[in-house]
Amino acid sequence: MQKTRTFTDKLFLILKGLGMGAANKVPGISGGVVAFVAGFYEEFIYSLQKINTKAFKLLINGRFKSFYQYINGRFLGLLVLGMVVSYFSVSKILDYLIDHFELYVWSVFFGMIIGSIYYISKDFKDWNYRTYFALIIGIILGVGISFLDPATENDNLIFVFFCGIISVSGMTLPGFSGSFILILLGNYVLLLVDSVNALYDTFAEILTGDFSFVSNSERIRMLKVLAVFTIGSMVGLVTFSHILNYILKHYKNITIATIIGFIVGSLGVVWPWKKTIFKTNLEGILILDSSGGKVVENYTRYIPDFNNQTYYAIGFIIVGILIVLALEIYGQKTRKAHR
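Each residue of the sequence shown is one higher than the last, beginning at 3 in the numbering used here.
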């Protein structure tokens with residue numbers, strides 16, 4: 003499924019990776035939605051499921067070029083590059099924006115989810131009792147997940163590996179937010195904030211010739227946690243892609259109906275008007291992460307009063323919808339160019 007790509011295509015593919023990486027880190031947003039709306043979801047799943055026994059045989063036998071072509075390496079490489087850059091740049095910007103402009107950021111996300119629902123459902127014509135049932139199940143699961151109470155943090159490496167497998171599902175299953183699942187599992191701050199910061203600090207120290215981190219037991223622990231989480235994510239990514247590829251081949255209509263339901267259900271997670279509940283200890287003192295940020299425990303949602311702030315938020319919802327529509331137009335042009 004190799005495609006001839008221009009320099010502009012490659013650049014946009016990196017930007018899509020940036021979008022997926024940023025979306026995967028924000029609770030309530032699914033990187034899979036970015037892939038679906040931007041028009042490369044099926045190629046993404048197809049490429050991932052090519053990482054199989056045959057691919058490993060090519061790699062072991064030293065046939066690196068054949069391996070690279072077989073797994074659609076150029077596509078995956080550019081996408082992953084965007085995701086990695088996102089984790090150390092775009093996601094940092096998003097963290098800042100959520101801290102200072104929370105209502106407006108969630109409003110944009112809410113609009114993007116609405117736009118995604120429109121995009122996915124507008125061409126879906128195969129509605130029948132089975133697809134309606136799948137839609138309802140998807141909505142129930144999406145809403146149910148959004149109202150679960152978070153667990154406490156757990157750095158057991160087996161559990162961290164399991165978190166990696168589960169959290170990466172947001173990249174392969176649109177509407178299923180891996181980062182929100184990590185909040186429910188109690189490990190969002192540990193795996194997407196503290197461990198990433200530890201890796202960032204380690205790289206910064208190495209570049210300055212400082213290797214003192216090797217004697218820092220807490221730093222080593224965090225790096226171990228991140229390594230196990232990464233391995234779990236890779237296993238989950240490949241495993242889910244094989245499962246989804248099979249499901250899309252044999253039950254495509256039911257799968258798409260379920261995905262639409264998931265995304266509709268996820269609207270409750272990204273509802274803009276919510277109050278953040280920060281984690282406190284028994285004495286009521288705020289618990290901070292390693293970077294000094296307040297640890298989010300959960301959200302309470304409310305109906306807004308109509309004031310200037312609300313009108314601005316509605317405006318940002320419209321902006322979010324327009325972003326998705328712009329991605330749709332670009333995706334249509336891209337698909338036509340490759341026909």
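Note that beta-carbon positions come from the ideal geometry of N, C-alpha and C, so glycine has one too.
Check	Outcome
Quick one: complete beta strand (DSSP E) runs, 3+ long, within the stretch 17-89?	none
State the beta-bridge partners of T302 as determined by DSSP.	K277
From what residue to what residue does the alpha helix (DSSP H) around Y253 run?	That residue, Y253, is in no alpha helix (DSSP H); it is neither H nor E in DSSP.
Could you tell me whether the Cβ of R221 comes closer than 8 Å to any Cβ of chain D?	The structure shown contains no chain D; it is built from a single protein chain.
Measuring straight from C-alpha to C-alpha, what distance separates G1 and V195?	Residue 1 lies beyond the range of the chain shown here (3 to 341); nothing can be said about it.
Considering only residues of the same chain and omitting the five flanking positions on each side of V240, which have a CB-CB separation below 7 Å?	L50 and I53
Would G84 pass as a contact of L175 if the rule is Cβ separation under 8 Å?	no
Would you report the Cα separation of L61 and F14, rounded to the nearest angstrom?	29 Å
If you draw a straight line from the C-alpha of M22 to the C-alpha of S235, how long is it?	15 Å
Whole angstroms are fine: how far does the CA of S268 sit from the CA of L184?	15 Å
Whole angstroms is fine: what's the gap from F163's alpha carbon to Y106's?	34 Å
Going by C-alpha to C-alpha distance, which of V237, N218 and I208 sits closest to S171?	V237
Excluding sequence positions up to five away, which residues of its chain have a Cβ less than 7 Å from the Cβ of I320?	G113
Please state whether DSSP places L193 in a helix, a strand or coil.	helix
Just to confirm, are G117 and L250 a CB contact at a threshold of 8 Å?	no
How would you call I331, buried or exposed, if buried means at least 16 neighbouring beta carbons within 10 angstroms?	exposed
Rounded to whole angstroms, what's the CA-CA distance from I233 to T302? Just pull it up for me.	34 Å
Give the single residue among S197, R65, Y248 and F42 whose Cα lies nearest to the Cα of F77.	F42
Using three-state DSSP, classify G188 as helix, strand or coil.	coil
Could you tell me the distance, in whole angstroms, from the CA atom of A229 to the CA atom of R223?	10 Å
Assess, as a yes-or-no matter, whether the stretch 251-264 is touched by the stretch 132-150 under the definition of 3 or more beta carbon pairs within less than 8 Å.	yes
In angstroms, rounded to a whole number, what distance separates the CA positions of E155 and L192?	7 Å
So the alpha helix (DSSP H) G117 belongs to, where does it begin and stop?	E104 to K124
Cβ atoms of I262 and L137: under 8 Å apart, would you say?	yes
Express the C-alpha separation of S179 and V272 in angstroms, rounding to a whole number.	10 Å
Take Y304 and list the residues in its own chain whose beta-carbon comes closer than 6 Å to its own, dropping the five residues that flank it on each side.	W275
If we ignore side chains and look at the alpha-carbon of each, how far apart do M3 and Y89 end up?	Here the model assigns M3 a pLDDT of 49, short of 50, so the residue's position is not dependable, and the following value carries that caveat. So the two alpha carbons sit approximately 28 Å from each other.
May I have the straight-line CA-CA distance separating I100 from L324, to the nearest angstrom?	20 Å
Assign I168 to buried or exposed, taking buried as 16 or more other Cβ atoms, counted over all protein chains shown, within 10 Å of its Cβ.	buried
Which of helix, strand or coil does DSSP assign to S91?	coil
Have a look at F308, N310, G270 and Y202 and flag the residue whose alpha-carbon is nearest the alpha-carbon of W108.	G270
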